[in-house]
Ligand code: MSP
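In my numbering, the protein residues as written are 1 to 497.
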């Protein structure tokens, strides 16, 4: 039986269009999904949209639309962006779908029935015009930090989930499972939070009269579900929870949840406790990567500094964007987005290293062997090929497996570029034109054959990262003959500033 692998992105809010930040998480998930498929796993790759709550309701009102009509307009824009980026998701979940609503209501009813929910008083500082609750710390001087008008103390009756009951269990679980939360710095952050604070019970409802856009509580139609409680359950509803036991057993809990650090706490505190309460195991891994920034600031819709991935694709191509995002910044750290940095990677790693290797190899094969691919005789390879190329060819799959297990995209890519570098060096030290002059045809055949083998390995291993480039290379060397096309990455001449 195949091993299974489940990977998720956050479900994105649809109050705006997807930007590079959203694309980043989604590309990373896509890369893992493609890699695991290639290694024979049964993969389920889930993405989707988070469609309830105050933010969406407000955005819809601003456009004069009902919330559902509003989200229905935005969803195709997300799907279009993912299609353009060649995102190979298996499922796209929307929290307004019946399968999700049913799962959330089942979840809530089960918690109520087993005594994990209770009705209580919610007290908070509320800004009526902004329709947002603030903590005392945030509402300095009793003023809304956004619009600077006075906040009101509001009391409403709501349902609460007893998180505190599970705090000791969660702390112990995290301590005993060092790979559960990654990277390490995030794990430590969650551990100290749990050690230093007593968890407050989570208010999981909103009165329908104040905020109507949500999933009604099955036992109290006057309340709708708090949007985070609703949203997290998407990871289960996509697996057919609670009915589809087969799918659930297959993919839960062998899941990696990807996200940025902004939503770490919801995923590492609320979510495992919610799962524990319904009798399910925590997810295998939660990985929180860093933020793409523009200058000093996080890229975000509210700051108005977003880069649209579709514009970037139009300018540089899909694979260049994918490569840049995964190669430039260690997964887990913040990074500053800049086109200059992207052009530098393009001209260096892609045009000079990879593009040149492919083009030179195909050109030589065309010139020396009329595009026919010579046979490889491993036993008579020269010392450089035996010592520098063969071991790399053999080790790369294992190195990539290991690196991607840790979500270390850079190390995985570096192992491919190690082979590219060695092959380029091989061309320089071998000087094939001399072999030709000296009529050393056997050597020349082997030289070209091993280079084409290198390209084959590169195309295979690059596929999860750069699917288009990988298939182009495969098509160029697919049959008995090579088909030299245009250079893959013609250098970009930088504009003078
Ligand atoms: N709807 C919630 C998630 C619910 S998951 C059960 C949400 N949505 S969001 O639209 O705000 O998306 C946040 C996620 O988008 C981040 O966790 C990250 O995956 C991605 N990013 C958004 N901006 C980003 C950057 N500037 N940089 C990196 N990732 C970014 O939160």
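No residue lacks a Cβ here, since even glycine has one placed at the ideal position from N, Cα and C. For clarity, every value in this text was computed on a predicted model and none was experimentally measured.
Determine whether the beta carbon atoms of residue i and residue j lie at a separation below 7 Å.
| i | j | result |
| --- | --- | --- |
| residue 273 | residue 166 | yes |
| residue 213 | residue 67 | yes |
| residue 464 | residue 35 | yes |
| residue 479 | residue 250 | no |
| residue 95 | residue 50 | yes |
| residue 45 | residue 89 | yes |
| residue 423 | residue 357 | yes |
| residue 103 | residue 220 | no |
| residue 260 | residue 223 | no |
| residue 258 | residue 29 | yes |
| residue 444 | residue 368 | yes |
| residue 138 | residue 145 | yes |
| residue 514 | residue 332 | What is shown of the chain runs 1 to 497, which leaves residue 514 out entirely. |
| residue 11 | residue 308 | no |
| residue 154 | residue 126 | yes |
| residue 262 | residue 52 | no |
| residue 242 | residue 106 | yes |
| residue 410 | residue 330 | yes |
State the DSSP-derived secondary structure class of residue i, mapped to helix, strand or coil.
| i | result |
| --- | --- |
| residue 169 | helix |
| residue 104 | helix |
| residue 421 | helix |
| residue 210 | coil |
| residue 137 | coil |
| residue 178 | coil |
| residue 238 | coil |
| residue 321 | helix |
| residue 153 | strand |
| residue 114 | coil |
| residue 484 | coil |
| residue 42 | strand |
| residue 405 | helix |
| residue 18 | coil |
| residue 267 | helix |
| residue 286 | strand |
| residue 217 | strand |
| residue 472 | helix |
| residue 496 | For residue 496, the predicted model reports a pLDDT of 48, less than 50, meaning its position is unreliable; a value from the coordinates is still stated below. Reduced to three states, the DSSP call for residue 496 is coil. |
| residue 124 | strand |
| residue 429 | helix |
| residue 280 | coil |
| residue 381 | coil |
| residue 445 | helix |
| residue 390 | helix |
| residue 132 | strand |
Among the options, whose alpha-carbon lies nearest the alpha-carbon of residue i?
| i | options | result |
| --- | --- | --- |
| residue 172 | 411, 205 and 187 | 187 |
| residue 317 | 431, 55, 48 and 492 | 492 |
| residue 208 | 425, 468 and 157 | 157 |
| residue 326 | 11, 149 and 24 | 24 |
| residue 181 | 313, 284, 205 and 59 | 284 |
| residue 477 | 385, 442 and 365 | 365 |
| residue 247 | 239, 215 and 217 | 239 |
| residue 159 | 185, 206 and 123 | 206 |
| residue 110 | 279, 431 and 61 | 279 |
| residue 87 | 322, 64 and 232 | 322 |
| residue 175 | 161, 190 and 458 | 190 |
| residue 26 | 63, 92, 57 and 72 | 92 |
| residue 60 | 15, 43 and 84 | 15 |
| residue 360 | 455, 384 and 378 | 455 |
| residue 203 | 195, 161, 218 and 295 | 161 |
Residue i: buried (16+ other C-beta within 10 angstroms of its C-beta) or exposed?
| i | result |
| --- | --- |
| residue 293 | buried |
| residue 392 | buried |
| residue 467 | buried |
| residue 150 | exposed |
| residue 461 | buried |
| residue 319 | buried |
| residue 147 | exposed |
| residue 302 | exposed |
| residue 197 | exposed |
| residue 277 | buried |
| residue 415 | buried |
| residue 446 | buried |
| residue 496 | Low confidence applies to residue 496: its pLDDT is 48, below 50, so where it sits in the model is not reliable enough to give any reading. |
Just grab the DSSP bridge partners of residue i for me.
| i | result |
| --- | --- |
| residue 48 | 11 and 93 |
| residue 203 | 160 |
| residue 335 | 292 |
| residue 225 | 205 |
| residue 436 | Answer is none; residue 436 lacks a bridge partner. |
| residue 255 | 6 |
| residue 260 | 289 |
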